[in-house]
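Chemist: Protein chains in written order, with this note's numbering: chain A, 6 to 119; chain B, 14 to 124.
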Amino acid sequence: ETGVTQSPTHLIKTRGQQVTLRCSSQSGHNTVSWYQQALGQGPQFIFQYYREEENGRGNFPPRFSGLQFPNYSSELNVNALELDDSALYLCASSLTSGGTDTQYFGPGTRLTVL
Amino acid sequence: GQNIDQPTEMTATEGAIVQINCTYQTSGFNGLFWYQQHAGEAPTFLSYNVLDGLEEKGRFSSFLSRSKGYSYLLLKELQMKDSASYLCAVNVPDSWGKLQFGAGTQVVVTP
């Protein structure tokens, strides 16, 4: 167990709706990164938050947004859902934003968009 | 762009050895990670290499050659529970802590 939790486990939405996914990092970890993993693929980096500020972003549109809170929890919000957003969404926490720190993943939220 | 290649699938027998290769071409390099991912579960950390050479950790070893853009993960004394996807990920220094993942290698261990 990594000490990183995510909720909900599974979620079904329809196209055009909005969704909020939640993550609770390991205590003391100031950095959280979010990834999208399509079936049969490796995780794709969405963005990273460090001390409540966005610290880096991958090739995802602005309808993917996030928040990080002082209590080591964070959120991923996706607006105007599209069918291609169906995937496993993973959050990973690390001690600092430095690249050499190991990232510890949560169990993920499986999002299905119909 | 970033390119990380690993074989799609490998099959091996219980008790045998399997070597999973990973080649990468990235805009920079700040270390390479190997993760194990069972179906429907989170990736779990296996190893980290930043300098050339072999890192051994129990039944698992990982090797890195930065000049060749090459790494491998060696799994010895295979057990049925080792059936999983193995992900190679490069830390790219242009974005703090961003991991660029390969598509993963599905290892199937047969009795």
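Just so you know, even glycine gets a beta-carbon here, dropped at the ideal spot from N, CA and C. Keep in mind it's a predicted model, so treat the numbers as computed, not measured.
Could you give the uninterrupted runs of the beta strand (DSSP E) lying entirely in the stretch 56 to 100 of chain B, keeping only those of 3 residues or more?
Modeler: You should have 57 to 62, 66 to 70, 73 to 78, 83 to 88.
Chemist: So is I30 of chain B buried or exposed if we call it buried at 16+ other beta carbons inside 10 Å?
Modeler: Here the question's residue 30 of chain B lines up with position 17 in the second sequence. I30 of chain B comes out exposed.
Chemist: I want to see whether chain A comes within less than 8 angstroms of P124 of chain B, judged by CB atoms only; does it?
Modeler: Here residue 124 of chain B refers to the residue found at position 111 when the second sequence is read from its first residue. Not flagged as an interface residue toward chain A: P124 of chain B, since no C-beta distance is shorter than 8 angstroms.
Chemist: Between which two residues does the beta strand (DSSP E) harbouring R62 of chain A extend?
Modeler: As a working mapping, residue 62 of chain A is identified with position 57 in the first sequence. Start and end: 58 to 62.
Chemist: When you compare each of A:S99, A:V9, A:Y40 to L116 of chain A by their alpha carbons, which one comes out closest?
Modeler: Residue mapping note: residue 116 of chain A aligns to position 111 of the first sequence, counting from 1. Among A:S99, A:V9, A:Y40, the Cα nearest to that of L116 of chain A is on A:Y40.
Chemist: Applying a beta-carbon distance threshold of less than 9 angstroms, which residues of chain A neighbour F58 of chain B?
Modeler: By 1-based counting over the second sequence, the position of residue 58 of chain B is 45. Per Cβ cutoff of 9 angstroms: T7, T107, Q108, Y109, F110.
Chemist: State the Cα-Cα distance for the pair E90 of chain B and E27 of chain B, rounded to the nearest angstrom.
Modeler: Position 77 of the second sequence, counted from the first residue, corresponds to residue 90 of chain B. Position 14 of the second sequence, counted from the first residue, corresponds to residue 27 of chain B. Going by the C-alpha atoms only, they are around 7 angstroms apart.
Chemist: List the residues of chain B whose Cβ lies closer than 8 angstroms to the Cβ of L72 of chain A, in chain order.
Modeler: On the first sequence, position 67 is the one that residue 72 of chain A refers to. Those do not exist, as L72 of chain A stays about 18 angstroms from chain B at its closest Cβ, beyond 8 angstroms.
Chemist: Can you tell me the Cα-Cα spacing of F58 of chain B and V37 of chain A, whole angstroms?
Modeler: Translated into the one-based positions of the second sequence, residue 58 of chain B becomes position 45. Translated into the one-based positions of the first sequence, residue 37 of chain A becomes position 32. Answer to the nearest angstrom: the Cα atoms are 16 angstroms apart.
Chemist: List the residues of chain B whose Cβ lies closer than 8 angstroms to the Cβ of L95 of chain A, in chain order.
Modeler: The count along the first sequence starts at 1 and reaches residue 95 of chain A at position 90. Per Cβ cutoff of 8 angstroms: A55, P56.
Chemist: Which value, in whole angstroms, describes the spacing of the CA atoms of G115 of chain B and I17 of chain B?
Modeler: Here residue 115 of chain B corresponds to residue number 102 of the second sequence, with the count starting at 1. Here residue 17 of chain B corresponds to residue number 4 of the second sequence, with the count starting at 1. Those two C-alpha atoms are separated by around 5 angstroms.
Chemist: Between P13 of chain A and chain B, is there a C-beta pair that is closer than 8 angstroms?
Modeler: The residue labelled residue 13 of chain A in the question sits at position 8 within the first sequence. Judged by the 8 angstroms Cβ criterion, P13 of chain A is not in contact with chain B.
Chemist: Quick check on D90 of chain A: does DSSP put it in helix, strand or coil?
Modeler: Against the first sequence, residue 90 of chain A aligns to sequence position 85. Three-state result, D90 of chain A: helix.
Chemist: Pull up the CB-CB distance for L26 of chain A and Q42 of chain A, whole angstroms please, since I reckon it's below 8 angstroms.
Modeler: On the first sequence, position 21 is the one that residue 26 of chain A refers to. On the first sequence, position 37 is the one that residue 42 of chain A refers to. Between Q42 of chain A and L26 of chain A the Cβ distance is about 13 angstroms, and since that is not below 8 angstroms, they are no contact.
Chemist: Count the other C-beta atoms from every protein chain shown that fall within 10 angstroms of the C-beta of T14 of chain A, then say buried if there are 16 or more, exposed otherwise.
Modeler: Your numbering for residue 14 of chain A matches position 9 in the first sequence. The residue is exposed, with fewer than 16 neighbouring Cβ atoms inside 10 Å.
Chemist: Compare the C-beta of P48 of chain A against all C-beta atoms of chain B and say whether one is closer than 8 angstroms.
Modeler: By one-based count along the first sequence, residue 48 of chain A stands at place 43. Judged by the 8 angstroms Cβ criterion, P48 of chain A is in contact with chain B.
Chemist: Comparing alpha-carbon positions, which option in B:Q50, B:D95, B:G41 lies nearest V121 of chain B?
Modeler: For the purposes of this step, residue 121 of chain B is identified with residue 108 of the second sequence, where counting begins at 1. Minimum Cα distance to V121 of chain B is reached at B:D95.
Chemist: Closest to F110 of chain A by C-alpha separation, out of A:N60, A:L95, A:L100, would be which residue?
Modeler: As a first step, residue 110 of chain A must be located in the first sequence, where it is residue number 105. Ranking A:N60, A:L95, A:L100 by Cα distance to F110 of chain A puts A:L95 first.
Chemist: Using DSSP with H/G/I as helix, E/B as strand and the rest coil, what is T21 of chain B?
Modeler: To locate residue 21 of chain B, count along the second sequence from 1; it is residue 8. If DSSP states are grouped into helix, strand and coil, T21 of chain B belongs with coil.
Chemist: Which same chain residues, not among the five before or five after G66 of chain B, have their C-beta less than 8 angstroms away from its C-beta?
Modeler: Here residue 66 of chain B corresponds to residue number 53 of the second sequence, with the count starting at 1. Once the five neighbours on either side are set aside, the close Cβ partners of G66 of chain B are F76, L77.
Chemist: Just mark Q38 of chain B as buried or exposed, buried being the case when its beta carbon has 16 or more other beta carbons within 10 Å.
Modeler: Locating residue 38 of chain B in the second sequence gives position 25, counting from the first residue. Label assigned to Q38 of chain B: exposed.
Chemist: Quick one: which chain B residues come within Cβ less than 8 angstroms of Q31 of chain A?
Modeler: Position 26 of the first sequence, counted from the first residue, corresponds to residue 31 of chain A. Within chain B, no residue comes near Q31 of chain A; the closest Cβ sits about 13 angstroms away, beyond 8 angstroms.
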